[in-house]
Amino acid sequence: MKILCAVKRVVDYNVKIRVKTDQSGVETSNVKFSMNPFDEIAVEEAVRLKEAGTATEIVVVSVGPAQTQETLRTALAMGADRAILVQTDVATEPLAVAKVLKALVGKEAPGLVILGKQAIDDDCNQTGQMLAALLGWGQGTFASKVAPAGDAVAVTREIDGGLEVVSLKLPAVVTADLRLNEPRYASLPNIMKAKKKPLETVTPDALGVDVTPRLKTLKVAEPAKRQAGIKVPDVATLVDKLKNEARVI
Amino acid sequence: MANILVIADHDGASLKPATLNAVTAASKIGGDIHILVAGKGAQAAADAAAKVAGVAKGLLADDAAYEHQLPEDVAPLVVSTVKAGGYSHVLAGATSVGKNLLPRVAALLDVAAISDITAVVSADTFERPIYAGNAIATVQSADAVKVITVRTTAFETAASEGGSATVEAVSGAGAAGLSSFVSAELTKSERPELTAARVVVSGGRGMQSGENFPMLEALADKLGAAVGASRAAVDAGFVPNDYQVGQTGKIVAPELYIAVGISGAIQHLAGMKDSKVIVAINKDEEAPIFQVADYGLVADLFKAVPELTDKLG
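Here it is, written out as structure tokens:
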């Protein structure tokens with residue numbers, strides 16, 4: 332079974348983002364970027380399925396500017412076999428990415444598509460669900476366990492209040508939650524090897540997909556600032572303040 | 029004015045509170061509010077939906093196919109209901125059910141979805157947090173149908189009594205045959221779930237090892253709190269990663285958040301800064317966590333936490 336994995340290049344999770352003064356967006360020049368953490372988990376899961384003999388090939392895909400090649404190389408260093416960059420400088424929305432992925436699924440015919448459950452920049456949590464809808468496939472979102480067996484896959488999902496197991500007919504779309512696995516670090520030899528793995532670049536136009544945003548961002552503002560409070564000298568004072576001043580215990 | 033369809037999150041017998049938050053968000057858009065209850069034997073939930081203040085109509089799709097709210101089966105039902113009813117907006121609470129279902133509905137309608145809105149500016153313009161709440165985006169949709177999930181903590185709950193809407197039956201295509209429910213395992217822990225807890229006690233790298241976490245659990249049990257952790261504590265292997273509060277973990281907004289041995293990295297603050305009251309216990313008085321804490325205690329956590337637990341007894 333071939334696995335298609337989608338990854339996104341996002342501002343690194345450790346960066347304190349700054350809103351641009353003209354409120355047009357978030358400052359992204361001279362900021363560290365890395366692979367979306369949920370996508371690392373998706374790639375790791377695909378690599379594990381290959382190591383277990385379930386998957387035969389892992390194709391990793393990203394939609395973004397030229398620099399997204401680095402993100403794809405990281406995925407190749409983790410164990411993906413080849414990469415496809417759908418290059419565009421447009422800030423793509425989930426629906427556009429889902430349409431691009433659908434076009435690639437049409438070409439590659441994977442048995443399983445694994446994505447992260449959400450990107451830590453737009454926080455949408457939509458792309459996997461949209462892709463499944465466009466393909467008419469089953470979806471296993473917020474997965475903490477993925478167990479393919481025969482022509483189906485059992486997916487354990489994180490839901491409010493616990494876990495749920497669903498069985499999906501293959502091919503299917505799965506989105507990874509944090510608990511699914513602990514992604515490996517790419518070793519230096521693997522990083523070197525990844526440089527020689529194939530990376531194909533295409534455009535959304537070539538795939539016949541219109542990636543024009545549907546939503547107009549009117550402004551991006553900073554949230555209300557939180558003020559520092561007081562320091563208390565000891566535990567007794569803390570308990571007293573929580574009981575009598577904040578009234579939360 | 030076009031109508032608004034709210035998708036109920038329910039257990040067959042009653043509505044989940046998130047549905048009431050979604051109704052409040054819908055009332056700020058303006059228009060008749062209809063609630064769709066899809067389930068099996070869900071008459072009671074539909075009756076409850078019809079009683080919610082501000083609701084004009086209840087819709088009940090009663091079919092074994094909808095018992096477990098599988099999106100492969102429910103999404104086509106929502107789409108056919110939207111098309112038949114000419115709805116301009118589809119809303120649901122941003123619960124695990126809503127987040128799973130609505131993007132699928134949006135794609136079938138070929139419209140953008142708007143996740144986790146925190147404010148309604150107008151019928152086509154909404155505010156939503158991005159970058160884990162470190163920025164607030166105002167977005168405008170030109171799509172014919174707006175498909176929206178609602179951050180429940182950002183809207184009051186609508187009154188569950190006071191409405192007198194009628195319940196109409198609707199039907200959909202039933203089971204799509206793409207997926208099936210196998211089992212569910214709901215947490216039976218005495219301790220509340222992290223994202224829903226009124227009080228959260230979290231530990232960071234300062235805990236030094238996983239063996240020290242029972243100290244936090246003792247404190248949590250005294251407070252009826254959930255236990256969380258920073259990414260540093262998870263990366264160090266102290267606790268599993270489903271404990272993680274932060275940008276790449278769970279976002280919490282409890283009434284009281286107690287951060288123990290947590291420096292306050294950006295990635296962690298993003299997950300808890302909307303808490304009502306934040307307490308920090310840390311021996312490093314320069315730790316950034318003190319910049320957001322309402323009450324800070326500069327102390328050795330191995331002394332302060334047991335003492336705090338004792339004093340609460």
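For the protein sequence lines, the chains are A and B, in the order given.
Its first residue numbered 332, the first sequence is counted upward by one per residue in my numbering.
Its first residue numbered 29, the second sequence is counted upward by one per residue in my numbering.
Glycine is no exception: its CB is placed at the ideal position from the N, C-alpha and C atoms.
- With a beta-carbon spacing of about 7 Å, A:Ala377 and A:Ala411 fall inside the 8 Å limit used to define contacts.
- B:Ala70 sits buried, since 16 or more C-beta atoms from the chains shown fall within 10 Å of its C-beta.
- Counting only runs that start and end inside the region 34-69 of chain B, the beta strand (DSSP E) elements of at least 3 residues fall at 61-67.
- Taking CB atoms only, B:Gly232 has no neighbour in chain A less than 9 Å away.
- Here B:Tyr285 carries a strand assignment [DSSP, helix/strand/coil].
- Residue environment analysis places A:Glu489 among the buried positions, since at least 16 neighbouring C-beta atoms fall within 10 angstroms of its C-beta.
- For B:Tyr115, no Cβ of chain A is located within less than 9 Å of the residue's own Cβ.
- In this structure, A:Gly395 lies near A:Gln418, with their beta-carbon atoms less than 9 Å apart.
- Contact between the region 479-488 of chain A and the region 190-201 of chain B is absent: fewer than 3 CB-CB pairs across the two stretches fall below 8 Å.
- A buried status is given to A:Pro502, since no fewer than 16 other beta-carbon atoms sit within 10 Å of its beta-carbon.
- Sequence-distant Cβ neighbours of B:Ala74 in its own chain, meaning closer than 6 Å and more than five residues away, are Val65, Gly86, Leu88, Val195.
- Excluding the 5 residues flanking it on each side, B:Ala103 has same chain C-beta neighbours closer than 8 Å at Leu129, Arg132, Val133, Leu136, in chain order.
- DSSP places B:Leu87 in the strand class (E or B) of the three-state scheme.
- Distance check between B:Ala327 and each of B:Ala260, B:Gly40, B:Met235, B:Ala204 places B:Met235 closest, using alpha-carbon atoms only.
- Nearest to A:Leu462 by C-alpha distance, out of A:Thr506, A:Gly384, A:Lys572, is A:Thr506.
- Under the 8 Å Cβ criterion, the region 165-176 of chain B counts as touching the region 141-152 of chain B, having at least three qualifying pairs.
- In the DSSP annotation of this structure, B:Thr123 is not part of any beta strand (DSSP E), being labelled neither H nor E.
- The alpha-carbon separation between B:Ile61 and A:Pro514 amounts to approximately 45 Å.
- Counting only Cβ-Cβ distances below 9 Å, B:Glu221 has contacts in chain A at Asp491, Gly492, Gly493, in chain order.
- Proximity of A:Thr548 to chain B, defined by a Cβ-Cβ separation below 9 Å, is satisfied.
- Per DSSP, reduced to three states, the secondary structure at B:Gly238 is helical.
- In this structure the region 277-287 of chain B touches the region 217-235 of chain B; the number of beta carbon pairs closer than 8 Å is three or more.
- Pairing B:Ala204 with B:Thr181, the inter-Cα distance amounts to about 33 Å.
- Taking 9 Å as the threshold, the shortest C-beta distance from B:Ala134 to chain A falls below it.
- Counting along the chain, the unbroken alpha helix (DSSP H) around A:Phe369 starts and ends at 368-382.
- With the criterion set as a beta carbon lying under 8 Å from some beta carbon of chain B, the members of the region 336-349 of chain A are Val342, Tyr344, Asn345, Val346, Lys347, Ile348, in sequence order.
- Sequence-distant partners of B:Thr123 (beyond 5 residues in either direction) whose C-beta falls short of 6 Å from its own C-beta, in its chain, are Asp37, Ala46.
- A:Thr506 is bridged by DSSP to A:Leu446.
- Counting only Cβ-Cβ distances below 8 Å, A:Lys572 has contacts in chain B at Tyr323, in chain order.
- Contact annotation, B:Ala112 with B:Asp101: C-beta distance approximately 17 Å; criterion of less than 8 Å not satisfied.
- In this structure, the beta-carbon distance from B:Gly67 to B:Gln97 falls below 9 Å.
- B:Thr166 reaches chain A at Thr548, Leu549, Lys550, Val551, Ala552, counting residues in chain order whose Cβ is nearer than 8 Å.
- For A:Asp353 and B:Ala163, the gap between their C-alpha atoms comes out near 13 Å.
- Annotation: B:Gly232 to B:Ala264 spans about 9 Å, alpha carbon to alpha carbon.
- Nearest Cα to B:Leu214 within the set A:Pro520, A:Asp491, A:Asn575, A:Asp508: A:Asp491.
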